[in-house]
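Undergrad:
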Amino acid sequence: MFLAPVIDDVLESKKSKLIGEWGYSQFVNTLNRAFKNVEPFKFHYETYYDYGRNDYSVSGLYIMDTDTKHIVLNFSKRCTAFEISPRSWSQFKFDVSQVCQHETIHQTQWQHRDSGLFKDLDTSMDFRNTMGSVEDEKEYLADVDEIDAYAHDIAMEIRFKYPKRNPYEILKTIDTKRNLWSYTYYKRTFRGEDWSHIKKRLLKKTFLWLPYIH
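Each residue of the sequence shown is one higher than the one before, counting from 1321 in our numbering.
#1: Got a sec? Which residues, its chain only, sit under 6 Å from THR1424 by beta carbon, not counting five neighbours each side?
#2: Evaluate contact between the segment 1374–1382 and the segment 1346–1355, counting only Cβ atoms and requiring at least three cross-stretch pairs below 8 Å.
#3: Could you tell me if LEU1528 is buried or exposed, where buried requires 16 or more neighbouring beta carbons within 10 angstroms of its beta carbon?
#4: Would you identify the three-state DSSP class for ASN1394, choosing helix, strand or coil?
#5: Quick check on the burial criterion: 16 or more other C-beta atoms within 10 angstroms. Buried or exposed for HIS1426?
#6: So, with DSSP's three-state summary, where would you put HIS1517?
#7: May I ask which residues mark the beginning and end of the beta strand (DSSP E) holding HIS1472?
#8: For GLN1346, is the classification buried or exposed, using 16 other Cβ atoms within 10 angstroms of its Cβ as the cut-off for buried?
#9: What do you reckon, are the CB atoms on PHE1361 and HIS1390 nearer than 9 Å?
Structure, rendered in structure tokens:
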């Protein structure tokens, strides 16, 4: 993806300021300062009781009205600081970069559309409840924009999780792989249903993204 080197370079430049144990606010502030003059990312954090001390996840949302990409770090409510070790840095960097790239794809998708046609669309943010019912989640994942962005996620995960393997061979046997979170998300959501038309589009998009990810 065309912004990947920029995003990865910014994160790598702040490695020394992110490795270690930092308060949530300090953590987010470091990322906001790092990207301030590079890309319109806005970092936030949320906390949850069902997250353990070392648990985290990264989520995001693109707001077309303000052309802003919001990246949310989800931490445990049971503590106020998070620690990244040198050993866990690679995974953390990948997770943040992946969401940044996912939202940048959405930004690119909207840049080619007339935003006036969608002026009544609700673009308010609710980081805690981005999904509604199971049917809402299925509709969300079946959207062509999300298929494109998640296909990019899957291509990234193939390259990251299986760096010494032929990525196209991994794609051919993807149903046997357990380390590809984004594809597992699709399989779990559509379990018990015929989602072959969605799967076909998703894997075709993944195939097309693979040459652009290194």
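Just so it is clear, CB atoms sit at the ideal spot from N, CA and C, and this is done for glycine as well.
TA: Per the coordinate set shown:
#1: LEU1323
#2: no
#3: exposed
#4: strand
#5: buried
#6: helix
#7: Run containing HIS1472: none in the beta strand (DSSP E); it sits in the alpha helix (DSSP H), 1464–1481.
#8: exposed
#9: yes
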